[in-house]
Amino acid sequence: YVTKPFSLRELKLRIGALLRRTARGPVGSSLLVSGTIEVDTEAHTCRVDGEPCDLTVLELKLLTAFLRAPGRAQTRTELRTSAWGSSYRIGERAVDTNIKRLRKKLGEAGDAIETVRGVGYRWGG
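Residues in the sequence shown are numbered consecutively from 15, following this note's numbering.
Put into structure tokens, the structure is as follows:
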């Protein structure tokens, strides 16, 4: 929604912001992209800077959860459910351990995983 009168510059900025927020590919797309990271959820592959990144199934599920909700803080419980499912009984520190490994494997791109104190983690890339 843009109120009249509006400047062409403001319209361009708003359209650009809208495109950034919705730039996850077409509906039903299995490709998730954020910065230099690409995840194909059907092929279960990850690329960083165009190079393959060897992630475990759990790490890939965590990364997928982040890429599907960029900018949103997710609790450890939400991430645990995304990666392990609701039937598994594991501690919250297992999430922390896997996040640490994921950050390390992603290299500089892993800095996009932000710790939200008292809440959990957020994808800021």
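Each residue gets a CB set at the ideal place from its N, CA and C atoms; glycine is no exception.
If you follow the alpha helix (DSSP H) that residue i is part of, which residue opens it and which one closes it?
i: residue 110; result: 106 to 120
Express the C-alpha separation of residue j and residue i in angstroms, rounding to a whole number.
i: residue 28; j: residue 114; result: 36 Å
i: residue 112; j: residue 30; result: 34 Å
i: residue 46; j: residue 72; result: 17 Å
i: residue 70; j: residue 94; result: 15 Å
i: residue 128; j: residue 50; result: 17 Å
Kindly indicate which residue of the options has the alpha-carbon position closest to the one of residue i.
i: residue 133; options: 107, 108, 88; result: 88
i: residue 126; options: 72, 80, 67; result: 80
i: residue 130; options: 100, 86, 99, 53; result: 86
At which residues does the beta strand (DSSP E) containing residue i begin and terminate?
i: residue 69; result: Counting along the chain, residue 69 falls outside any beta strand (DSSP E), and DSSP gives it neither H nor E.
Apart from the five residues on each side of it in sequence, which residues of its chain come closer than 7 Å, Cβ to Cβ, to residue i?
i: residue 118; result: 124
i: residue 67; result: 60, 61, 119, 120
With a CB to CB cut of under 6 Å and the five nearest residues on each side skipped, what residues in its chain are close to residue i?
i: residue 90; result: 106, 109, 134
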